[in-house]
Amino acid sequence: MADSKEFEAALMAKLAHGAFDKTFLKTTSAAIMELRKQGLVIDDIFIKGKPRFDRIIINGKPDPEFFGKMKDILVRPKFSRFEVFPYGILNPETLKVQVTFGL
Amino acid sequence: MATELITHCESVGPTVPDRFRSIQLHPTRRCNLACLHCYSYSAPHHRDMLDVEATKKFLAYAFEEGFNNIAISGGEPFLYSDLEELLRFAKEIGYQTTMASNGMLLKTERAKRILAFVDLIAISIDGPPPLHDHIRAQKGAFEKMMEGVKVLQQHQKPFGFIHTVTPQSWESLLWLGEFAEQNGAKLLQLHPLEMHGRASETLTSLAMDDTLAHQMYILAHYLRSKYADSMIVQIDLLHREYIRTFPQVVSAFSRQCAANNHLSDLFDTIIVDETGKITPVAYGFGDQFSIGNIHRFDYQLFERFIQEKVPSLKKVFEKTLDKIINNFETDIVNWNELIVQESIAA
C-alpha cells in the first residue's frame, strides 16, 4: 500500500504538471492506447526514476494474438524496454509483459 | 484481430465479448435537484412525463427488433410516477434494466420495490462532499446520496458510481476510486463534462481541454488496472489512434452487420426523451435525425428510418470519424459529444 501511495503521489504530481509538460501526457496516453490496441490487458501502470520520475512502466497480460503483433509494438521508439516474464514459455496465459518507456 | 472483429456483430472492441443494445429512457425531466452540469436542464419544476402505456408498447416493439437493455435516466427516475410498472414490464419481456439516479430517494418502500426490478443502478457523484454539494446546488446532497448507497448495500443491489469529470474534480479521481471500491461499487463510470444544457450556462469556465482529457485518460486507466479485480472502471473517452484502428467501436457502419438493416445493429443506443421523441446515438442529437415518437408509431418505424435517414446519418458518422482521425492536435476525444455536434451542424 505504501508503494502504491508513493506511485500515486508521483503520478499525480506528474499529471498536475502536465499542462507544462504536454509531451509527457501525450506519450503516456499513446503508450497506454497502443498496448490496449494490441490486446494487452493492462494491470499496472506506474512511474519510476529519480529525481524526476522519468519512466513509465506498464505491466499487463497479453491476449493470444498479442505476440503476432510484436513488430508493430516494437517499432514505437518511445518504448525503451520490453520484457516478457517468464522467459521462454510460450503460453500467453502464463506470461506477463512489462513495457518501459522514457529514459 | 481487427479484421476478425469486423465480422462479428456482437463484438465492438478487442476485449468486449458482447454489447448492450440500449434504449435510454428519460421518462421525466423532473428532478429534486438542479445540478450545474445537467445536460437535460432537469429541475423540480418540470411536470412532463412519458405515457406508460405508450412506452410499454414501444419497448415491446424495440425488444423484438433486437434492443436488450433499458437505461433509465432523467430527471430523477424515482420521481416518475409509473416507474415500478414500467420496470416490471421491461423485466417481464426480457430486458436488462439499468438506471442512473442521484440516490437521494431510495429510502421509501416504493423505492425498495422498484429496486427489485433493476439489475444495476449507477449513482451520480461529483467528488468529495463539498464539491458534490456545490455541483448539486444543495447542501447535504452528498450525505443524502450516501443514505441511498446504504440502502443499496443493505439490499445487496449491484450498483456503481457515475462521475462527471471537470477541472475541479480530476484531482479527486484517486479518492473517488478508493471511495467507490470501499463502498462496494461494481462500476465506476467517468464521463467528461460536456457543454450542453445547464453546463453551457453555468460551467463555461470548466470546459474540458486537451490537458484535462489526457489527465483523465491516464488516471482512468490507472484506476482500471488498480481495481481490475473488484470493479469495472469505464471511461467515456477514446484515443484518436484507437478509433483509427477500431472504428467499429464507435461506428456500426464500420461493422459488417451494418448491412443487416437492423436498427439495433446500427446503433448501440437510442434515446427516448420525456416528450416521447426517439433519437439515435445520444441525448441532444440533431432533430432532423429523429426516428419518431413513441406516442405515434407503427411497426415499420425502424425500417422506414433506415430507408429514409440512415444514408445521410452514415455521412455524419463518416465525417465525424474523418475529422477525429485527421486532427493530429487532439489525441483524446469524447466521441458522443463530437458526433452530436456534427449531427446538429449537418
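As they're listed, the protein sequences go chains H and X.
Taking the working numbering, the leading residue of the first sequence gets 678, the next gets one more, and so forth.
Taking the working numbering, the leading residue of the second sequence gets 713, the next gets one more, and so forth.
Heads up, the beta-carbon is just placed ideally off N, CA and C, and yes, glycines get one too.
All values reported here derive from a predicted model rather than from experimental measurement.
What residues match up with residue i in a beta bridge as DSSP calls it?
| i | result |
| --- | --- |
| P992/X | I982/X |
| R1008/X | N1005/X |
| H951/X | I1044/X |
| Q736/X | A783/X, I983/X |
| T767/X | T767/X pairs with nothing; no bridge assigned. |
| I805/X | Paired residue(s): none; I805/X is not in a bridge. |
| K738/H | V718/H |
| N876/X | According to the sequence displayed, residue 876/X carries Thr and not Asn. H903/X. |
| I1018/X | Answer by DSSP bridge pairing: none, since I1018/X is not bridged. |
| Q968/X | None; Q968/X has no bridge partner. |
| A755/X | R742/X |
| Q946/X | Q901/X |
| M761/X | T740/X |
Is it buried or exposed for residue i, if we count other Cβ within 10 angstroms and need 16 for buried?
| i | result |
| --- | --- |
| P789/X | buried |
| P992/X | buried |
| A970/X | buried |
| Q866/X | exposed |
| Y954/X | buried |
| E683/H | exposed |
| G787/X | buried |
| G765/H | Here G765/H scores only 44 on pLDDT, less than 50, and its place in the model is too uncertain to base an answer on. |
| Q743/H | Going by the sequence as given, residue 743/H is Phe instead of Gln. Looking at its Cβ environment, which holds 16 or more other Cβ atoms inside 10 Å, F743/H is buried. |
| H974/X | buried |
| V1028/X | buried |
| I709/H | buried |
| S912/X | exposed |
| G1077/X | Chain X is shown only over 713 to 1058; residue 1077/X falls outside these bounds and no answer can be derived. |
| T810/X | buried |
| V774/H | buried |
| T700/H | exposed |
| N1039/X | exposed |
| G996/X | buried |
| S706/H | buried |
Using the C-alpha atoms, what's the distance from residue j back to residue i?
| i | j | result |
| --- | --- | --- |
| V1052/X | S942/X | 33 Å |
| G685/H | S793/X | In the sequence as displayed, the identity of residue 685/H is Glu instead of Gly. Going from the Cα of E685/H to the Cα of S793/X covers about 45 Å. |
| N1046/X | E893/X | 25 Å |
| A693/H | Q927/X | 8 Å |
| P1023/X | P879/X | 38 Å |
| I990/X | G909/X | 18 Å |
| V718/H | I734/H | 14 Å |
| S917/X | F775/X | 42 Å |
| I1056/X | D999/X | 7 Å |
| N781/X | A823/X | 20 Å |
| L899/X | I947/X | 11 Å |
| F871/X | D1034/X | 37 Å |
| Q1004/X | K768/X | Correcting the residue type first, residue 1004/X is Gly in the shown sequence and not Gln. Cα to Cα, the separation comes out at about 16 Å. |
| I1006/X | F770/X | 6 Å |
| G889/X | A783/X | 23 Å |
| Y934/X | R952/X | 19 Å |
| E765/X | Q960/X | 35 Å |
| L817/X | V776/H | 47 Å |
| S734/X | D980/X | 6 Å |
| H758/X | G860/X | 23 Å |
Relative to the ligand SAH, is the shortest distance from any of its heavy atoms to the C-beta of residue i smaller than 7 Å?
| i | result |
| --- | --- |
| I735/X | Although the ligand SAH was asked about, the structure shown includes no ligands whatsoever. |
message: To be precise: take each residue of the stretch 691-716 of chain H, compare its Cβ to all Cβ atoms of chain X, and keep it if any distance is under 8 Å. Which residues remain?
response: For chain X, the residues of the stretch 691-716 of chain H that bring a beta carbon within less than 8 Å of one of its beta carbons are L692, A693, G695, A696, K699, L702, K703, T705, S706, A707, I709, M710, E711, R713, K714, G716, in chain order.
task: Please specify which runs of the beta strand (DSSP E), each continuous and at least 3 residues long, are wholly inside the stretch 808-870 of chain X, giving them in chain order.
output: The stretch 808-870 of chain X contains these whole beta strand (DSSP E) runs: 808-813, 832-836.
- prompt: Between the stretch 926-953 of chain X and chain H, which residues of the former have a C-beta closer than 8 Å to a C-beta of the latter?
  reply: Answer set for the stretch 926-953 of chain X: H926, Q927, Y929, I930, L931, H933, Y934, R936, S937, K938, A940, H951, E953.
- prompt: Which residues, in order along the stretch 1017-1045 of chain X, keep a beta-carbon less than 8 Å from a beta-carbon of chain H?
  reply: Flagged, chain order: D1043, I1044.
Within 7 Å of chain C by C-beta, residues of the stretch 886-913 of chain X in sequence order: Considering every chain present, this structure includes no chain C. Its protein chains are H and X.
message: Ignoring anything shorter than 4 residues, give me the alpha helix (DSSP H) runs that lie fully in the stretch 884-940 of chain X, in order along the chain.
response: You should have 885-894, 911-914, 922-938.
message: Counting only Cβ-Cβ distances shorter than 9 Å, please list the residues of the stretch 952-972 of chain X near chain H, keeping chain order.
response: Answer in chain order: R952, E953, Y954, T957, F958.
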